Amino acid sequence: MSLVRMIARPMLASIFVVQGVQRLRDPEPSIAAATTFADRFGPTLQKKAPQLPTDPKTLVRINAGVQVGAGLALATGRFPRLASLALLGSLVPTTWAGHPFWTIEDPEQRNAQRTQAMKNVGLAGGLMLASVDTEGKPGLSWRARRAAKDAKRATRTAKREARLAAQVTAGRAKVRAGRAKAGISSAQHRVTS
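Final position of the sequence shown in this note's numbering is 277; the numbers increase by one with none missing.
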């Protein structure tokens, strides 16, 4: 891992770990925002995945657990791409429910919530970059394209070699047929050559 990644990943993950631990210890401050989220998306979640909880307190704790787990994974470099995607997935409902600046009338509070929402948008951008970072190694899509290209090349080479082998075999068969027609056996040909 490069020095930049070794420093940047824990920096990016720190807010999620700290916030997640706070919400695991005391979920109450986030329950009002989670209630708004659950009221809005709960019925849809129940239809699509009835096994998922819609209780606001449980949602806060699940989100906090994801943030702590994925934040620690990102900070330590364990599955950083997957951890970044998990954090990105937890950030969307957190931002939507926690910083609804579009619903606030007071200009000062609206500006403060807009700033927090934009901070989360910036974090989302960093997480998106981290989710595609292959640490300078070829990614899965590049390796798949390369394997397909190599297989195509190997197929062309095998066809070319088979065609050449067929031509050589056909040429030898013609020579043998010509000798047979002339009445020269292979043994005689070897002796006279």
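A virtual CB, placed ideally from N, CA and C, is assigned to each residue, including glycine.
Nothing here was measured: the structure is a model prediction, and the numbers come from that model.
Item to check | D110, enclosing alpha helix (DSSP H) - first and last residue | outcome: Note, D110: premise wrong, no alpha helix (DSSP H); not H, not E.
Item to check | Span separating the alpha-carbon of T178 from that of I91 | outcome: Roughly 25 Å between the two C-alpha positions.
Next on the checklist: Once the 5 residues before and after K141 are set aside, which same chain residues still bring their CB inside 7 Å of it?
Outcome noted: Counting only Cβ-Cβ distances below 7 Å, and skipping sequence neighbours, we find P111, I115.
Checklist entry - Cα-Cα, which of L166, R162, V176 is closest to N147? => result With distances taken between Cα atoms, N147 lies closest to V176.
Checklist entry - Just the Cα atoms here: how many angstroms apart are R162 and L224? => result Rounded to the nearest angstrom, the two C-alpha atoms are 17 Å apart.
Checklist entry - So G155 and F100 are in contact, right, with Cβ under 8 Å, and what is the actual spacing, rounded? => result For a cut-off of 8 Å, the C-beta gap from G155 to F100 is around 4 Å, short enough to register as a contact.
Checklist entry - If we count Cβ pairs, one from each stretch, closer than 8 Å, do we get three or more for the stretch 112-132 versus the stretch 178-197? => result Touching, yes, given that three or more Cβ pairs across the two stretches are closer than 8 Å.
Next on the checklist: With H, G and I counted as helix, E and B as strand and the rest as coil, what does DSSP make of A97?
Outcome noted: Helix, per DSSP.
Item to check | For I125, three-class secondary structure by DSSP | outcome: Checking the sequence, you will find Phe at residue 125 rather than Ile. DSSP places F125 in helix when its eight states are reduced to three.
Checklist entry - Taking all protein chains shown into account, do 16 or more other C-beta atoms lie within 10 angstroms of the C-beta of L248, making it buried, or fewer, making it exposed? => result Its Cβ having fewer than 16 others within 10 Å, L248 is exposed.
Checklist entry - What is the C-beta distance between S98 and L169, in whole angstroms, given that I count them as a contact (C-beta under 8 Å)? => result Wrong, their Cβ atoms sit about 18 Å apart, outside the cutoff.
Checklist entry - Whole-angstrom Cβ separation of A159 and P94, contact assumed at under 8 Å? => result By a beta-carbon distance limit of 8 Å, A159 contacts P94. Their separation comes to about 4 Å.
Checklist entry - So the alpha helix (DSSP H) D234 belongs to, where does it begin and stop? => result Start and end: 224-266.
Item to check | Cutoff 8 Å: T199 Cβ touching any chain B Cβ | outcome: Given the protein chain composition of this structure (a single chain), no chain B is represented.
Item to check | L136 burial status per 10 Å Cβ neighbour count (16 or more: buried) | outcome: Per the 10 Å Cβ criterion, exposed.
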